[in-house]
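Heads up: the structure comes next, in structure tokens.
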Amino acid sequence: KTLNRAIAIHPTYAAAYNNLGVAYAHLGNRLMEAEALNHAITINDRLAPAYINYARMDIAQNKFADAQKRLTTAAEIDPKNTETVVLLGYAQYMDHRLDEAIASCNRVHQLRMAPHSGAHWVAAFALEQENKITNAKAEFETFVEEEGSGVRADAARKEIAHISDYLREEGDELADRTDPKN
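As structure tokens, then:
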């Protein structure tokens, strides 16, 4: 009610439309969410939060290519927003654009605004899929250092253990193949 009142008083209040979109998202009304976010962007095409919120909706609907476009725009508007770049990396990962996802996650680290464990999480899985196992392990380890505890930290510890076992087995196989006695 309050947001609709604000919009009635000031029809070009882009931030109110963005917040209305977020409210509709919490209510699960995707149609009204999209309409409000579209309105916000139409009024102010430099309102990065509207692009980010729209991308979140795209991600929830598995529209990863659309999310990437919106997040790229948001990152151009606010290049130091690490949340945007982490979300972009996630959308790229989910769209099987692994090299781009890794590059986005590396960009988060270069921004050095604040530790963002989510970037390590995404990068680790992308690196695993590219069979860059040692690098993936390092990303998981950094993730655990930053995240510390919780479900994802526990999952990362399990991944680290699996990778360590895998690398140990690979090392044993390599040693067997190169041992002149064999």
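In this text, residue positions in the sequence shown follow this note's numbering: the first is 62, and each later residue adds one. Cβ coordinates follow ideal geometry from the N, Cα and C atoms, glycine included. The model shown is predicted, which means the values in this text are computed figures rather than measured ones.
(message) On the CB-based measure, 16 or more other CB atoms within 10 Å of its CB, does residue 100 come out buried or exposed?
(response) Here residue 100 is buried. Its C-beta has 16 or more other C-beta atoms within 10 Å.
(request) Excluding the 5 residues preceding and the 5 following residue 82 in the sequence, name in chain order all residues of the same chain whose CB lies nearer than 6 Å to its CB. (result) For residue 82, the CB contacts under 6 Å within the same chain, skipping 5 residues up- and downstream, are 94, 97, 98 and 114 in chain order.
(request) Would you grab the beta carbon distance between residue 92 and residue 77 for me? Rounded to a whole angstrom, and I think it's under 8 Å. (result) 18 Å between Cβ atoms; not a contact.
(request) Please say whether residue 149 and residue 122 have beta carbons closer to each other than 8 Å? (result) With a cutoff of 8 Å on beta-carbon distance, residue 122 and residue 149 are scored as not near each other.
(message) residue 108 and residue 143 - do their beta-carbons sit closer together than 8 Å?
(response) Contact: no.
(message) According to DSSP, is residue 108 part of a helix, a strand, or is it coil?
(response) Coil.
(message) To test your reading of the DSSP string, which unbroken alpha helix (DSSP H) runs of 4 or more residues are found completely within the stretch 176-211?
(response) The qualifying runs are 178-190 and 194-208.
(message) Quick check on DSSP: helix, strand or coil for residue 232?
(response) The three-state reading of DSSP puts residue 232 in helix, counting H, G and I together.
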